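**Q** Quick note: the sequence shown, position 45, residue 165 per our numbering, numbers continuous.
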Amino acid sequence: MLERKTDGKSNLVVLFKEGKLMSYPFSSKDYLESYRDFFKVAEKRFAIFIIRGMSKYRGDGVFTGGFRWNGSNFVRHHGRIAARVVYNKGRLVADGGAHWAIINVSELHRISRYKDLTHKIFPKLMKRGYRIYSRPQFLRALKKIQSQKAVFKPVDGFAGQGIIIKEKDKLMTSLRRFNGLLEEFIDTSQGVPGLTPSYHDVRMTIMDGKLVQCYIRVPRHGSLLANVARGGSLHEFSPRRLPRTARHIANLVDKRFKKYGHRVYSVDVGYEGSKPFLFEINDQPGVPHKKWERFYREWHATLLGVLLAADRDLR
Ligand SMILES: Nc1ncnc2c1ncn2[C@@H]1O[C@H](COP(=O)(O)OP(=O)(O)O)[C@@H](O)[C@H]1O
Ligand SMILES: [Mg+2]
121 MLERKTDGKS
131 NLVVLFKEGK
141 LMSYPFSSKD
151 YLESYRDFFK
161 VAEKRFAIFI
171 IRGMSKYRGD
181 GVFTGGFRWN
191 GSNFVRHHGR
201 IAARVVYNKG
211 RLVADGGAHW
221 AIINVSELHR
231 ISRYKDLTHK
241 IFPKLMKRGY
251 RIYSRPQFLR
261 ALKKIQSQKA
271 VFKPVDGFAG
281 QGIIIKEKDK
291 LMTSLRRFNG
301 LLEEFIDTSQ
311 GVPGLTPSYH
321 DVRMTIMDGK
331 LVQCYIRVPR
341 HGSLLANVAR
351 GGSLHEFSPR
361 RLPRTARHIA
371 NLVDKRFKKY
381 GHRVYSVDVG
391 YEGSKPFLFE
401 INDQPGVPHK
411 KWERFYREWH
421 ATLLGVLLAA
431 DRDLR
C-alpha cells in the first residue's frame with residue numbers, strides 16, 4: 121500500500137494551476153504571506169507539499185515533481201508524493217478514494233466552475249441565464265432577457281475576465297464570440313441597507329457549513345464589475361451586519377452541498393432592491409490578506425480544521 125504519511129504526519133498536497141513555484145498566487149506578496157502563515161500552523165499536523173499543475177498528477181492522489189514546505193521555505197521534492205488530503209486550487213476533477221480525500225470533490229468543483237451548471241442547480245437563486253454557442257442562440261436568448269442591460273460571460277471565467285455588460289441592443293457589437301453565458305442584469309445600484317449605497321458584490325466564504333468571512337466588493341467608478349482584478353475595492357465586515365436574506369442564500373447553497381462532504385467555497389450575491397441574487401459560487405476562494413486582519417487567523421484555522429476532518433474520516 122502507498123505510504124501517505126511523512127515523518128508520521130499525513131501528506132497534504134496543495135495543488136495550484138500550472139506554472140513555476142513562485143507563479144500566481146505566490147507571485148502576490150499578500151497571498152504568499154498568507155499561505156506561509158497558514159503553512160506555519162498546518163505543518164504541526166500535516167507534511168505539506170506544493171504541486172504545480174495537472175501534468176504532475178499520476179492518479180490515485182499521487183503526484184510527482186513537487187515541493188516540500190520545510191517550515192520556512194519550499195524545497196524541491198524528488199520522488200512521488202502520495203496525498204492523504206488534496207486541497208485543490210487547480211483544476212483537478214476528482215473524488216478521492218478510500219485512502220485519500222480532496223477538497224472539493226468533483227461535483228462541487230464543477231458546479232461552481234461552470235456557471236451554466238450553477239444556473240442549472242440553483243435556478244431559483246439566480247436571474248435567468250442561457251448557455252449559448254452561436255449568433256442565432258444569442259439572439260433568441262436576448263429576446264427572453266427582461267432587464268434593459270444584459271451580461272455576457274465565459275462559462276468558466278474568473279476575475280471578471282471576458283465579461284461584457286451592456287444595454288441589450290448594444291451588446292452584440294461588443295462580443296468577439298458567442299460561446300458563453302447570457303445573463304439577465306442584476307441591478308445592484310440601490311446598494312445593501314447598512315452596508316453600501318450602490319453597486320456591489322457581497323461575498324460569504326463557507327467552510328463545512330460555517331460562515332468564516334464576509335466582504336463586499338465595490339466596482340470602481342464607471343465600472344459594473346466588482347472584481348478586485350478590475351479595480352474594485354474590498355471591505356470586510358462583521359457577519360453580524362450581514363443581512364439575513366444573504367445568509368439565507370448561503371444556507372440554501374450549503375444545504376445542497378452538504379452531501380459532498382468536507383467543503384470550502386464562497387457564495388457571491390448582489391441585491392436588486394431588497395432581493396439578493398446569486399452571482400456565482402467559487403470553490404477556490406482566495407486566502408485572506410494579513411492586512412485585512414478581521415478574519416485572518418480564523419480563516420486559516422477553520423481551513424485547517426476542514427482538512428484535518430477530511431483526513432480523520434479516512435481509514
Ligand atoms: N448577472 C449580472 N448582473 C449584474 N452584474 C453582474 C452579473 N454577473 C456578473 N456581474 C458583475 O461582474 C462581476 C464578475 O462576475 P462573476 O460572475 O462573479 O465572474 P468572475 O468569476 O469573473 O468573478 C460581479 O462581481 C458583478 O460585479
Ligand atoms: Mg466573481
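Cβ atoms here follow ideal geometry from the backbone N, Cα and C, with glycine treated the same way.
Everything numeric in this text was worked out from a predicted model, so none of it was measured.
Cα separation between residue 308 and residue 169?
**A** Numbered from its first residue, the sequence shown carries residue 308 at position 188. Numbered from its first residue, the sequence shown carries residue 169 at position 49. So the two alpha carbons sit approximately 42 Å from each other.
**Q** Comparing C-alpha positions only, which one of 186, 379, 388 and 135 sits nearest to residue 466?
**A** Nothing about residue 466 can be reported from this structure: the residues present for the chain run from 121 to 435 only.
**Q** Using the beta-carbon count (16 or more within 10 Å), is residue 253 buried or exposed?
**A** Your numbering for residue 253 matches position 133 in the sequence shown. Counting Cβ neighbours within 10 Å, residue 253 comes out exposed, since fewer than 16 surround it.
**Q** Can you tell me where the beta strand (DSSP E) holding residue 179 begins and where it ends?
**A** As a position in the sequence shown, residue 179 is number 59, starting the count at 1. Residues 177 to 179.
**Q** What are the partner residues of residue 271, as DSSP defines its beta bridges?
**A** Within the sequence shown, residue 271 is the residue found at index 151, counting from 1. DSSP lists 285 and 303 as partners of residue 271.
**Q** State the DSSP-derived secondary structure class of residue 425, mapped to helix, strand or coil.
**A** Counting from 1 along the sequence shown, the entry for residue 425 is found at position 305. Three-state DSSP puts residue 425 in a helix.
**Q** Tell me, which residues are paired with residue 354 by DSSP?
**A** By one-based count along the sequence shown, residue 354 stands at place 234. DSSP lists 337 as partners of residue 354.
**Q** Quick check on residue 303: buried or exposed, where buried means 16 or more other Cβ atoms within 10 Å of its Cβ?
**A** Counting from 1 along the sequence shown, the entry for residue 303 is found at position 183. Buried is the call here.
**Q** So within the segment 189 to 260, which uninterrupted alpha helix (DSSP H) runs reach at least 4 residues, ignoring any that extend past its ends?
**A** List check, alpha helix (DSSP H) in window: 226 to 233 and 235 to 241.
**Q** Taking all protein chains shown into account, do 16 or more other C-beta atoms lie within 10 angstroms of the C-beta of residue 121, making it buried, or fewer, making it exposed?
**A** Within the sequence shown, numbered from 1, the residue matching residue 121 stands at position 1. Residue 121 should be labelled exposed.
**Q** Do residue 247 and residue 336 have their CB atoms nearer than 7 Å?
**A** Within the sequence shown, numbered from 1, the residue matching residue 247 stands at position 127. Within the sequence shown, numbered from 1, the residue matching residue 336 stands at position 216. Not in contact: residue 247 and residue 336 (Cβ atoms no closer than 7 Å).
**Q** Please return the same chain residues whose Cβ sits closer than 6 Å to the Cβ of residue 171, not counting the five positions on each side in sequence.
**A** Your numbering for residue 171 matches position 51 in the sequence shown. 133, 135, 183 and 186.
**Q** Can you tell me which of 325, 207, 392 and 364 puts its alpha carbon nearest to the alpha carbon of residue 155?
**A** Stepping through the sequence shown from its first residue, residue 155 is reached at position 35. It is 207 whose Cα lies nearest to the Cα of residue 155.
**Q** Taking 6 Å as the cut-off, is the beta-carbon of residue 303 closer than that to any non-hydrogen atom of ligand 2?
**A** Here residue 303 refers to the residue found at position 183 of the sequence shown. Flag unset: Cβ of residue 303 not near ligand 2.
**Q** Would you check if the segment 234 to 248 and the segment 361 to 378 touch, i.e. whether three or more CB-CB distances between them fall below 8 Å?
**A** In short, these stretches touch, since the Cβ pair count reaches three.
**Q** Using the Cβ count rule (16 or more neighbours within 10 Å means buried), how would you classify residue 413?
**A** For the purposes of this step, residue 413 is identified with residue 293 of the sequence shown, where counting begins at 1. Classification for residue 413: exposed.
**Q** Rounded C-beta distance between residue 223 and residue 384? I'm assuming under 8 Å.
**A** Stepping through the sequence shown from its first residue, residue 223 is reached at position 103. Stepping through the sequence shown from its first residue, residue 384 is reached at position 264. That belief holds up - the Cβ atoms of residue 223 and residue 384 are roughly 6 Å apart, short of 8 Å.
**Q** Going by the DSSP bridge assignment, what does residue 390 pair with across the sheet?
**A** Within the sequence shown, the letter at position 270 stands for residue 390. The partner list for residue 390 (beta bridge, DSSP) reads 397.
**Q** Residue 286 and residue 262 look like a contact to me (Cβ under 8 Å); what is the Cβ gap, rounded to whole Å?
**A** Position 166 of the sequence shown, counting from 1, holds the residue named residue 286. Position 142 of the sequence shown, counting from 1, holds the residue named residue 262. So it is not a contact: roughly 11 Å between Cβ atoms.
**Q** Taking all protein chains shown into account, do 16 or more other C-beta atoms lie within 10 angstroms of the C-beta of residue 199, making it buried, or fewer, making it exposed?
**A** Numbered from its first residue, the sequence shown carries residue 199 at position 79. The residue in question, residue 199, is exposed, as its Cβ has fewer than 16 Cβ neighbours within 10 Å.
**Q** Identify the continuous beta strand (DSSP E) that holds residue 167 and give its terminal residues.
**A** Along the sequence shown, read from residue 1 onward, the residue named residue 167 stands at position 47. Residues 166 to 172.
**Q** So, with DSSP's three-state summary, where would you put residue 121?
**A** In the sequence shown, the residue the question calls residue 121 occupies position 1. If DSSP states are grouped into helix, strand and coil, residue 121 belongs with coil.
**Q** Looking at ligand 1, does it come within less than 6 Å of residue 321, judged from the CB to the closest heavy atom?
**A** Walking along the sequence shown from the start, residue 321 turns up at place 201. Yes, the beta carbon of residue 321 sits closer than 6 Å to at least one heavy atom of ligand 1.
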